[in-house]
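Residue numbers (our numbering): -7 to 587.
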């Protein structure tokens, strides 16, 4: 089957607003072409650099006319609403009338690029309109090139490009999330607070709905065969061919029989199909007479409770989560789904952030253990060096991580995690071949099932993030950029065996700054706010900072260099000496985006 229906509602567009000096009889007329060309250049840049989750180029909508006053501003706003615009970028090379030309939609992320030229005062307009945005409580991002350009120059400087792209990525993420659902499959898992789904947070900060099903819905759909049986046959055959069953580490006395193992394979494949159908629907179900079930829950992200009410009796959700979180399955290479283990909705949100910013699969993991250089030396005799010289974080969970996390995809000979449209069939197969499926530890999972087991290749730049809710404060984001690390095989085995050798491992070394939470690897672990983290390929901390400011979520720890931090200009009004404190005050003052 194909999943064309997944993105049937389309994607938000970027609205480009060319603003202009409204004075006729010479002034405006002399600026029309230059101003509109500036807007076209920005649109061309963003459409060529950015893609939607399905791989198609991002679309931009330019206002029909330059905006010289309130009537044209209103016409542009109406046009944008009809076109499905989710964020706006105002561009100008000249002076314009601030409050008359500005974007006043409170729900749209907005940026203003004021051309740095001497012939016309674009920078003066930038300052004036950003002042208006601050006064009206509509934070906007200011973009101002470092170098003076000649009048009529249509080239976008590199520093301006970087900010335009960073703003657009974050703004598209905000717009893509709005109106979608988080699907809670089950409820609270083992007292994990992240699985206590806070609908107020989702509604007020993200603009998302919350949908809920009981895990008995899986039983109903399995027993009543509410799934595509042709797809199930195809999926089971693919699984038997491509998913290598690894050794059973359970003591012989409690191992499940071969017959039970085979039945578990059938069950976990059905669970995977059902979870996907619950998220996005499946037109095939309507053909089978299940019209209501065919609709799905419009879920961009979900979580599966699993432990323990499900896993004490049924096979665990590791296969379900790992396959959906990957960029390929029996239907071929496709965009990954975001499914949080143990229904940790807050980690699910971080996975969603990373996915929409990068279009790549995300690793869900426990931030399980800090290994100091001394401890590694004592246990294995090995001296950590290179990026691992300060110690390591052992990221490992019960087999739910995306198979993209093996690092078996490559670019220029280096391990990477790619957007699905760049992944070759050979790379997808290498990810599968690097993964074994170990019979689940029956002591943990009494109902059996399978857990993926792989080792992430070292050398990949990665960003680990976590969203936490604090009573009286609200949501707070944590960010740690670093690298995956290779260890000698015997060292990895010794350390891995002390936790669980049937689960996937990523050895992660955060970049240290020598300050605050990043004084040492130990201090990163010591400051981490929960037992889970979401890991994205690439150093995307700066993009996460920009996104968080759009959503009014303060960041309590990060190791992004100061020159990469890009937030609304108004944030500077809350102080420039302690940027972290100013971020908290600004977010508290403006409050949730959708409140």
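Every residue, glycine too, gets a C-beta built ideally from N, C-alpha and C.
Element boundaries [alpha helix (DSSP H), containing residue 158]:
Segment 150 to 169, the alpha helix (DSSP H) holding residue 158.
If you drop the 5 nearest sequence neighbours on each side, which residues of the same chain put their C-beta closer than 7 Å to that of residue 76?
Result list for residue 76: 2, 4 and 5, in chain order.
Can you give me the C-alpha to C-alpha distance between residue 138 and residue 153, rounded to a whole angstrom?
About 12 Å.
Less than 7 Å separating the beta-carbons of residue 101 and residue 53?
Not closer than 7 Å, so no.
Suppose only complete runs of 4+ residues qualify. What are the alpha helix (DSSP H) ranges in the region 486 to 541, listed by chain order?
The qualifying runs are 513 to 519.
Going by beta-carbon coordinates alone, are residue 357 and residue 393 separated by less than 7 Å?
The criterion of a C-beta distance shorter than 7 Å is satisfied by residue 357 and residue 393.
Which of the three DSSP states, helix, strand or coil, is assigned to residue 104?
In this structure, residue 104 counts as strand in the three-state DSSP scheme.
If you scan the region 402 to 486 from start to end, which runs of the beta strand (DSSP E) of 3 or more residues do you find wholly inside it?
If we require 3 residues or more, the beta strand (DSSP E) runs fully inside the region 402 to 486 come out as 406 to 408, 428 to 431, 442 to 445, 453 to 462 and 466 to 476.
Using the C-alpha atoms, what's the distance from residue 427 back to residue 235?
The alpha-carbon atoms of residue 235 and residue 427 are separated by roughly 7 Å.
Taking the continuous alpha helix (DSSP H) assigned at residue 42, which residues delimit it?
Neither: residue 42 is in no alpha helix (DSSP H) and is coded neither H nor E.
Could I get the ranges of all uninterrupted beta strand (DSSP E) runs contained in the region 173 to 211, with 3 residues as the minimum, in chain order?
Counting only runs of 3 or more residues that sit fully inside the region 173 to 211, the beta strand (DSSP E) segments are 173 to 177 and 201 to 205, in chain order.
By DSSP's criteria, residue 358 is part of a beta bridge. Which residues make up the other side?
Looking at the DSSP output, residue 358 shares a beta bridge with 524.
When burial is assigned at 16 or more other CB atoms within 10 Å of the CB, is residue 65 buried or exposed?
By the 10 Å Cβ count, residue 65 comes out buried.
Would you call residue 480 buried or exposed, if buried means 16 or more other Cβ atoms sit within 10 Å of its Cβ?
Classification of residue 480: exposed, given that the 10 Å Cβ count is below 16.
Taking residue 49 as the reference, give the member of 315, 160, 129 and 133 with the closest Cα.
Among 315, 160, 129 and 133, the Cα nearest to that of residue 49 is on 160.
Using the Cβ count rule (16 or more neighbours within 10 Å means buried), how would you classify residue 465?
By the C-beta density criterion, residue 465 is exposed, having fewer than 16 other C-beta atoms within 10 angstroms.
Check each candidate in 204, 581, 262 and 494 and name the one with the smallest Cα separation from residue 179.
When only C-alpha atoms are compared, the closest one is 204.
Could you have a look at residue 228 and say whether DSSP puts it in helix, strand or coil?
Three-state DSSP puts residue 228 in a helix.
Apart from the five residues on each side of it in sequence, which residues of its chain come closer than 8 Å, Cβ to Cβ, to residue 141?
Only 107, 108, 109, 147 and 149 meet the Cβ criterion.
Give a yes or no on whether the minimum CB-CB distance between residue 465 and chain C is below 7 Å.
Absence of chain C from the displayed structure is noted, only one protein chain being present.
Rounded to the nearest angstrom, how far is the Cβ of residue 31 from that of residue 10, given a contact under 8 Å?
The C-beta distance from residue 31 to residue 10 rounds to 4 Å, short enough to meet the 8 Å contact threshold.
What does the alpha-carbon distance come out to for the pair residue 273 and residue 196?
Those two C-alpha atoms are separated by around 26 Å.
For residue 580, count neighbouring C-beta atoms within 10 Å of its own C-beta (all shown protein chains included) and say buried if the count is 16 or more, exposed if not.
It is exposed - the Cβ of residue 580 has fewer than 16 other Cβ atoms within 10 Å.
Whether or not the region 410 to 430 and the region 339 to 354 are in contact is what I'm after, with contact meaning three or more pairs of Cβ atoms, one per stretch, closer than 8 Å; do they touch?
The region 339 to 354 makes contact with the region 410 to 430; the number of CB pairs closer than 8 Å reaches 3 or more.
Proximity to residue 305 [Cα-Cα], best of 259, 333 and 335
For the options 259, 333 and 335, the alpha carbon positioned closest to that of residue 305 is the one of 259.
I'd like the list of long-range same chain contacts for residue 193, defined as Cβ closer than 7 Å, with 5 residues on each side in sequence excluded.
Result list for residue 193: 461 and 467, in chain order.
Can you check whether the CB of residue 346 is closer than 7 Å to the CB of residue 528?
If you check the CB distance, residue 528 and residue 346 come in under 7 Å.
Less than 7 Å between the beta carbons of residue 114 and residue 122, yes or no?
Against a cut-off of 7 Å, the Cβ pair of residue 122 and residue 114 comes out as no contact.
So, for residue 288: in the same chain, excluding its five sequence neighbours on each side, which residues have a beta-carbon less than 8 Å away from its beta-carbon?
If we look at residue 288 and ignore the five residues flanking it on each side, its Cβ neighbours are 269, 270, 271, 272, 273 and 274.
Go ahead and pull the three-state DSSP assignment for residue 125.
Look at residue 125 here: in three-state DSSP terms it is helix.
Got a sec, what are the start and stop residues for the beta strand (DSSP E) residue 80 sits in?
From DSSP, the beta strand (DSSP E) with residue 80 extends over 77 to 84.
Do three or more CB pairs link the region 364 to 384 to the region 543 to 553 at distances below 8 Å?
The answer is no - the region 543 to 553 does not touch the region 364 to 384, with fewer than three Cβ pairs under 8 Å.
Quick check: the Cα distance between residue 80 and residue 95, rounded to an integer number of angstroms?
Separation of residue 80 and residue 95 (C-alpha to C-alpha, rounded to the nearest whole angstrom) is 8 Å.
If you draw a straight line from the C-alpha of residue 292 to the C-alpha of residue -2, how long is it?
Approximately 10 Å, taken between the alpha carbons.
Using a Cβ-Cβ cut-off of 6 Å (strictly less than) and excluding sequence neighbours within five positions of residue 41, which residues of its own chain qualify?
Within the same chain, residue 41 has close Cβ partners 157.
Within 7 Å, strictly: CB atoms of residue 450 and residue 478:
Yes, Cβ-Cβ distance for residue 450 and residue 478 is below 7 Å.
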